[in-house]
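Engineer: Before I ask anything, here is the structure I am working with.
There are 2 protein chains.
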Amino acid sequence: MHVSQPVFELANDALADKLQNRKIVVVVDSTVDALYGEMLRAYASQRLECVGIKTFAASEHMKTLESLQDVVTFAAEAGLPRKGIFVAVGGGVTLDIVGAAAAMYRRGTEFFRIPTTVVGAVDVSVGIKQGVNFGGKKNFLGAFHVPLGGINDPRFFASLPRRELSAGLAEIIKVGLLLDPSLFELLERHGEDLFTTAFQAPQSVALETMMRAELAMMRELQPNLWEHDLRRLVDFGHTFSSWLEPASAYALPHGHAVALDMLVSTALAVEARLCSYELLRRLVAMYRAVELPLEHPLVRTSSLLEALAPMRLHREGALNLVVPVELGLGTYLQDVEPEQLDRALRLVARVGVR
Amino acid sequence: MHVSQPVFELANDALADKLQNRKIVVVVDSTVDALYGEMLRAYASQRLECVGIKTFAASEHMKTLESLQDVVTFAAEAGLPRKGIFVAVGGGVTLDIVGAAAAMYRRGTEFFRIPTTVVGAVDVSVGIKQGVNFGGKKNFLGAFHVPLGGINDPRFFASLPRRELSAGLAEIIKVGLLLDPSLFELLERHGEDLFTTAFQAPQSVALETMMRAELAMMRELQPNLWEHDLRRLVDFGHTFSSWLEPASAYALPHGHAVALDMLVSTALAVEARLCSYELLRRLVAMYRAVELPLEHPLVRTSSLLEALAPMRLHREGALNLVVPVELGLGTYLQDVEPEQLDRALRLVARVGVR
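Chains as they are written, first to last, in the numbering used here: chain A, 162 to 515; chain E, 162 to 515.
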């Protein structure tokens, strides 16, 4: 749900209503804590049955089994009972770790999500996939664990750095391009505004953008929550990127890796005559407006090919590389030849120069 | 299912049929491997799609998150895919760790159980609770994860040490006493035979004992698999024992801790005039026949009281201490006073002396 007044405003009943006087442990990203910790603590002590607040210096590097252990140990020492609730306040990394911790704690405890980043709100908070990185692989350990609920408060975005904003916009572009043409067109008109105002204005556009992105994700995920079907349009941008992120030692934020993947995938579709050049051009124009990368040293044919083998294994032998066909329509490639990648990368370089 | 010929006999189709040429990783207890490893390896290479066999020196001390990580790392390196299967061969510890690892691996992978101990067959393999010990607490991290299936082969029991056998009999006594009077009476007649022959004779009695114990457990667990109802008769013997085991630094096997707990719980019921002295006497006679302990240095009023607080937390504020009323009937105590425990322990000492 979206709230119309700050989620930690004492007079706002939304969170207290959702948690119903049950015992909770809050895990809050340390940056968020520095900015909003005072409000959070006042709300927790006056409106909630909070048995402990743990701050967590979230980063993709910290998305480890050790961090999960820290969360679990903290909750055990705070005496969080089996029917207590973990409340995660932060970006995707915080939400994922706390979700995975809740899934294991006393063999399964409920959790509640308050995303403070755009990616957290439109992407992480829509799914039920919890996890930590392991053995150099993204989200290799975890669970499908359904949260009790969540609250979105776009006011948090006001304090996000630019690269967090562009990373979030990448996930929204993904949804718009494949699932909701109106959303894509909305971003073409207002993407730059949303980026420069950190989603604070125009307010109605920000709200529509968030709602459309979440709804389209939900519609797409809902019939296949447990991923028995491994062909998923929402995996657009999530094939090469799963390799790019760890390969960059997580210097590339998830959303930027997704953006680079979408660019290559779209160029592959153009080269294969599946998709128009015009759509690729519109995508590139949008990237420019919101400061998404058009190139990266790791985006090379040889390195991208390396990404395909583990993804094929993850998807049970089928590559299922999602590529766009037109706005609102995608399809899957089951194989990619080195020459195709070469041509696609040359195409990206050309259109990138404008 | 129970098999009539050795499970790893090359001509036995049972396991191959169940695993259907899917990729598997086998995790086998190292003692079992020493005894049956050759048969297992021959079967795995000729009848199964086995991508790796990991031996594991199982003990309660090793039931850790680190062991779980080892299992997961091994499977990742062996390339076990998302739709592969973990096959656990061993006692309760091995089954529990592999179950928990499977629950987390790639966010949830199937697993298959081949118990080689009595406890593994009648207790662990009937439930869906997977877990590892953490922070001094039994099974504190884990998952409810439904296995693909399992195969019971009582031939494995022939090589079990005496204390493993008596520990297994404790779990069967638990089931008989509260859920199946015929099973309890069967044990009164044949418990000693089953113990001395390691369940190899009389064969029909051994089979009936195993089947009755498993069926009674299943009937009781089935409507409440996820434990939304925290009053469970199968928790008989599992209140004080959850404290005794770690307090003994796991020198007490699980089944022996359960036996001591059942003894104290039954004596509490006798002292509360809920249960006849005669039933306590019959229980003690059975313990003698199968070498179950009647006393332990940790079984003291002060230490047993310590066990109650964390269990109350685990069961959401209600103690739900299971005590017998008569054969096939139990009830729950919600409070235990020190004086009651004092009297119960004196009663146990008296009947123990005979």
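C-beta: ideal position from N, C-alpha, C; glycine also.
With DSSP run on the structure shown, which of helix, strand or coil describes E:K244?
Structural biologist: Coil.
Engineer: From this set, A:V193, A:R208, A:S464, A:F401, which residue's C-alpha is nearest A:V483's C-alpha?
Structural biologist: For A:V483, the nearest C-alpha among the options comes from A:F401.
Engineer: Is there at least one Cβ from chain E nearer than 8 Å to A:G292's Cβ?
Structural biologist: By this cut-off, A:G292 is an interface position.
Engineer: Using the Cβ count rule (16 or more neighbours within 10 Å means buried), how would you classify E:Y411?
Structural biologist: Label assigned to E:Y411: buried.
Engineer: What residue from A:N294, A:V189, A:T277, A:P308 has the CA that sits closest to A:K179's CA?
Structural biologist: Closest option to A:K179, Cα to Cα, is A:P308.
Engineer: Where does E:N481 fall in DSSP's three states?
Structural biologist: In this structure, E:N481 counts as coil in the three-state DSSP scheme.
Engineer: Using a Cβ cut-off of 8 Å, pull out every chain A residue sitting near E:K244, in sequence order please.
Structural biologist: Ordered by position in chain A, the residues that pass the 8 Å Cβ test against E:K244 are E477.
Engineer: Is there a Cβ from chain A that is less than 8 Å from the Cβ of E:G511?
Structural biologist: Just to set this straight, residue 511 of chain E is Arg in the shown sequence, not Gly. False, the Cβ-Cβ gap to chain A never drops below 8 Å.
Engineer: Taking A:F273 as part of the beta strand (DSSP E), name the residues at either end of that continuous run.
Structural biologist: A:F273 -> beta strand (DSSP E) spans 271-276.
Engineer: Closer than 8 Å, Cβ to Cβ, to anything on chain A: give me those residues from the stretch 263-282 of chain E, in chain order.
Structural biologist: Listed in sequence order: A264, M265, Y266, R267, R268, G269.
Engineer: Contact criterion: CB-CB distance below 8 Å. Does A:F295 meet it with respect to chain E?
Structural biologist: With 8 Å as the cut-off, A:F295 counts as an interface residue toward chain E.
Engineer: Indicate the three-state DSSP secondary structure (helix, strand or coil) for E:V395 in the structure shown.
Structural biologist: Three-state result, E:V395: helix.
Engineer: Could you tell me whether the Cβ of E:F401 comes closer than 8 Å to any Cβ of chain A?
Structural biologist: No, no contact with chain A.
Engineer: What does the Cβ neighbour count give for A:G288, buried or exposed, with the cut at 16 atoms within 10 Å?
Structural biologist: Flag for A:G288 reads buried.
Engineer: Shorter than 8 Å from the beta carbon of E:F301 to some beta carbon of chain A?
Structural biologist: E:F301 counts as touching chain A.
Engineer: Can you say whether A:R476 is buried or exposed, counting buried as having 16 or more other CB atoms within 10 angstroms of its CB?
Structural biologist: Label assigned to A:R476: buried.
Engineer: For the stretch 186-269 of chain A, list the alpha helix (DSSP H) runs that are entirely contained and at least 4 residues long, ordered along the chain.
Structural biologist: Here the runs fully enclosed are 191-208, 226-239, 253-265.
Engineer: Quick one: grab the DSSP three-state call for E:V460.
Structural biologist: Three-state DSSP puts E:V460 in coil, outside helix and strand.
Engineer: Quick one: what's E:Q291 bridged to in DSSP?
Structural biologist: Its beta-bridge partners are E:A304.
Engineer: Starting from E:T427, follow the beta strand (DSSP E) in both directions and report where the run begins and ends.
Structural biologist: No beta strand (DSSP E) contains E:T427, which is instead part of the alpha helix (DSSP H) from 415-432.
Engineer: Which residues in the same chain have their Cβ closer than 8 Å to the Cβ of E:E406, if we skip the five residues on either side of it in sequence?
Structural biologist: Counting only Cβ-Cβ distances below 8 Å, and skipping sequence neighbours, we find E221, K299, L413, H415, A418.
Engineer: When DSSP labels each residue in this structure, what does E:E498 get in the three-state scheme?
Structural biologist: Reduced to three states, the DSSP call for E:E498 is coil.
Engineer: Chain E beta carbons: is any one of them nearer than 8 Å to that of A:L469?
Structural biologist: Not an interface residue.
Engineer: Taking the alpha helix (DSSP H) that A:H351 falls in, what are its first and last residues?
Structural biologist: Element bounds for A:H351: 342-357.
Engineer: Residues in the same chain with beta-carbon distance under 8 Å from A:P436, minus the five sequence neighbours each way, listed in chain order, please.
Structural biologist: Sequence check: residue 436 of chain A is Cys here, not Pro. Same-chain partners within the cutoff: T427, A430, V484, P485, V486, E487.
Engineer: At the 8 Å Cβ level, is A:F305 part of the contact set with chain E, yes or no?
Structural biologist: For A:F305, the answer is yes, since a Cβ of chain E falls inside 8 Å of its Cβ.
Engineer: Name the residues in the stretch 403-418 of chain E whose C-beta lies less than 7 Å from a C-beta of chain A; which are they?
Structural biologist: If the cut-off is 7 Å between Cβ atoms, the stretch 403-418 of chain E has nothing near chain A.
Engineer: Could you work out which residues of chain E lie near A:Q166, taking near to mean beta carbons separated by less than 7 Å?
Structural biologist: What A:Q166 touches in chain E: nothing, since even the nearest Cβ is about 33 Å away.
Engineer: Provide the residue span of the alpha helix (DSSP H) that contains E:S402, from first to last.
Structural biologist: Start and end: 401-408.
Engineer: If the cut-off is 9 Å on Cβ atoms, which residues from the stretch 368-386 of chain A count as contacting chain E, listed in chain order?
Structural biologist: Here the close residues number zero.
Engineer: Determine which residues share a DSSP beta bridge with E:H332 and list them.
Structural biologist: It should be noted that the sequence gives Glu, not His, for residue 332 of chain E. Note: E:E332 sits in no beta bridge, so no partner.
Engineer: Under 8 Å Cβ to Cβ from A:S228, same chain only, skipping five residues before and after it: list those, please.
Structural biologist: Around A:S228: F217, I258, V293.
Engineer: Which residues in the same chain as A:Q364 place their Cβ atom closer than 8 Å to its Cβ, once the five residues preceding and following it in sequence are excluded?
Structural biologist: Here the set comprises nothing.
Engineer: Looking at C-beta atoms only, is the number of pairs between the stretch 223-242 of chain E and the stretch 206-215 of chain E that lie closer than 8 Å three or more?
Structural biologist: Counting Cβ pairs under 8 Å, three or more are found: they touch.
Engineer: Going by DSSP, which residues form a beta bridge with E:K184?
Structural biologist: In DSSP, E:K184 forms a bridge with E:E210.
Engineer: Mind listing the chain A neighbours of E:G240? Cutoff is C-beta to C-beta under 8 Å, in chain order.
Structural biologist: Simply L474.
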